[in-house]
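Report on one structure; see the data block that follows.
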Amino acid sequence: MATKPPPASSGATPAPPPTAAPEEESGPLPTRIQKALENGQVQKAVQLAQQYTNQAPGSATAWYLRGAAEQAAGRGGKASFRKCAELSGPDSPQGAECRALAGM
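Counting from 1, one number per residue, gives the positions in the sequence shown under our numbering.
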């Protein structure tokens, strides 16, 4: 004999509607910026990168990601790459890349 599903008034709560994948809305800012760029969400990437540089103004990586996001959005990004170069060590591969992208 087949069992019947419980009636709707059984106190069971329906599942919430689907939302964005948790990894897209949480996690480290650098990862979220990179995922936004990979998914073509350049404005979101720029916003996240601005948030990152506000939270970590002394981070060369933050400025590198901001420059990359700005560049993807058609905003150039040279000022951000310049800041990255200033914060990077003289022998840093990231610093060399930032200097090249900033036209230094």
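Just so it is clear, CB atoms sit at the ideal spot from N, CA and C, and this is done for glycine as well.
Remark: C-beta atoms of residue 44 and residue 36 approach each other more closely than 7 Å. The continuous alpha helix (DSSP H) containing residue 80 extends over residues 78 to 87.
For residue 87, the closest of 49, 98, 77 by C-alpha to C-alpha distance is 98. Out of 78, 75, 84, the CA that lies nearest to the CA of residue 53 is found in 84. Taking residue 48 as reference, the option from 58, 70, 60 with the minimal CA-CA separation is 70.
According to the DSSP assignment, residue 95 belongs to the alpha helix (DSSP H) that extends over 93 to 102. About 3 Å separates the beta carbon of residue 67 from that of residue 80, a gap short enough to meet the 8 Å contact definition.
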